[in-house]
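Data block below; observations after.
In the UniProt record's numbering, the protein residues as written are 1 to 560.
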């Protein structure tokens, strides 16, 4: 709601299961009302976005939020709708073991498959277009009949490029969910998308989940990999183009807002069949690449020299070995590095021997790669990173090094690194058509986006939990802007909800330095990493809530 002057007013008139908010002018209530800790909205600020799922688990276990039927209002530059390489049974029976294997791009779907989130509303900035905007639409996540892997039936490049698409008929243990996608709008507009969101969330428990990169976004890989490296990633990991939908000419162009249910069904089914063809072929190709990378991680050459021409394309093997050798020298153990060098030499020799063979298959199905010999013989000094550049490791690689289960087990570390690179490179492929969002915002743009989000939140009742990801360490939020972005967001929270009903947890490095500023604004910061623990009864209760819900949650998940 906006006052005549344009400033956001109190939202105390909104209906909510939680205590009403208190506006800036309600001095009497501010002085005399003491909101119980159990009734406050918890605001959790973490560094990595996948940590939000841990806090959601804990809040469910503490019975502070419902076990099922939750809506997720996900404000982010990225959808985070990939699927982790975790057996579907583990998501249900071992949720805390599962948390060890999720990452920033794949933490939402486990919550959907576990049935405690049934609607994701992705609000994104104008420069992010990884998914098509849509009104609330039902889809299914389920287990592939041919494996225990999870897949989803959304026929878009974001999903089949990752190899996580499956036709509904090819899945079992189906779990329905709803997806809404919309751009963050200007604060003075009320479009059909806003109407959809408000109507979907009315009288429903929802989590407000915000990544600060929604207001200013970096692609952390654009300055890390060279053009030659990106060329190799594209050649190896780009999915084939989908076949034409084969629709009747009259239904080729369908407006989703006005299409009849029959037209929409025809278009969706045609797109689903096309996505199935693409994804089946792409998954087979990704599996082949992973077999080579997994073999190399054990310290053995990818394939025997005698078997290369019969089991794989030497050009493709050469491209993979070249890409791996172009990484920093200490990326792998010496044993694995030697195996990659052997594989590279073998593949290069075979390519040179067959350079005049026109019948030999070439890497990829979309392009004329007759110049692959040149790519395969790139000088590694041109393709690799300069050791003098001071470039940091890619964020996901850096995190994988730190999170390795056993740093003394070099093979386990090498396998984990290969798995990380495999997942990363399939996400980075085909940047010309599907680039990661990159837009470092001006102060004016940041203010407009925060105001747009604030305008929407003023139309909604209070969330049951607020999670915030800083995303600085993984490189997606500009480090020089994160402090201002976080402060702008908390100022918006103060205007929308007031400070009396908010309870703040700061769980990231450097949080102790930020806590005094928030307290000076009136926020109750019950915990800040690096700060001495307070021993008041309320803070003891808060710490008990955060640390104890695990046993209950294990029981809750086994009952699903």
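Glycine included, C-beta positions come from ideal geometry on N, C-alpha and C.
These numbers come from a predicted model, not from an experiment.
From residue i to residue j, what does the alpha carbon distance come to, in whole angstroms?
i	j	result
residue 131	residue 271	15 Å
residue 52	residue 353	53 Å
residue 319	residue 101	29 Å
residue 463	residue 68	15 Å
residue 60	residue 66	6 Å
residue 133	residue 303	44 Å
residue 529	residue 507	5 Å
residue 418	residue 427	14 Å
residue 256	residue 316	With a pLDDT of 46 at residue 256, under the threshold of 50, the modelled position of this residue cannot be trusted; read the value that follows with caution. Each residue's alpha carbon lies about 41 Å from the other.
residue 252	residue 243	The predicted model places residue 252 with a pLDDT of 38, which falls under 50 and marks its position as unreliable, so this point remains unresolved.
residue 503	residue 416	38 Å
residue 313	residue 64	56 Å
residue 217	residue 331	27 Å
residue 86	residue 199	34 Å
residue 138	residue 292	38 Å
residue 72	residue 116	10 Å
residue 212	residue 471	7 Å
residue 519	residue 34	17 Å
residue 237	residue 348	20 Å
residue 269	residue 275	10 Å
residue 204	residue 119	11 Å
residue 475	residue 225	14 Å
Would you mind reading off the limits of the alpha helix (DSSP H) that contains residue i?
i	result
residue 323	314 to 325
residue 346	334 to 353
residue 88	88 to 93
residue 457	443 to 457
residue 195	192 to 201
residue 112	108 to 113
Quick one: grab the DSSP three-state call for residue i.
i	result
residue 224	coil
residue 414	helix
residue 426	helix
residue 284	helix
residue 138	strand
residue 151	strand
residue 212	helix
residue 405	Low local confidence applies: a pLDDT of 48 at residue 405 is under 50, so the model's placement there is unreliable, with the coordinate-based value given in what follows. Coil.
residue 180	strand
residue 507	strand
residue 292	helix
residue 493	helix
residue 41	strand
residue 82	coil
residue 102	coil
residue 117	strand
residue 501	coil
residue 233	helix
residue 277	helix
residue 331	helix
residue 265	helix
residue 460	coil
Which residue marks the beginning of the beta strand (DSSP E) containing residue i, and which one marks its end?
i	result
residue 523	Element bounds for residue 523: n/a, residue is neither H nor E.
residue 466	465 to 469
residue 582	Here the chain has residues from 1 to 560 only, and residue 582 is not among them.
residue 57	Per DSSP, residue 57 belongs to no beta strand (DSSP E); it is in the alpha helix (DSSP H), 51 to 61.
residue 75	70 to 75
Measure the beta-carbon distance from residue i to residue j and round it to whole angstroms, keeping in mind my assumption that it falls under 8 Å.
i	j	result
residue 84	residue 103	7 Å
residue 229	residue 323	6 Å
residue 233	residue 425	5 Å
residue 215	residue 450	6 Å
residue 180	residue 197	7 Å
residue 136	residue 178	5 Å
residue 75	residue 453	6 Å
residue 340	residue 321	6 Å
residue 239	residue 282	4 Å
Among the options, which one has its Cα closest to the Cα of residue i?
i	options	result
residue 142	42, 165 and 161	165
residue 42	154, 239, 490 and 513	490
residue 156	129, 148 and 509	129
residue 457	195, 80 and 113	195
residue 210	235, 485 and 532	485
residue 93	79, 110, 105 and 82	110
residue 50	88, 37, 71 and 108	108
residue 78	121, 99 and 113	121
residue 151	294, 167, 263 and 423	167
residue 80	105, 71 and 434	105
residue 477	437, 444 and 266	437
residue 479	146, 440 and 435	440
residue 36	511, 492, 501 and 521	501
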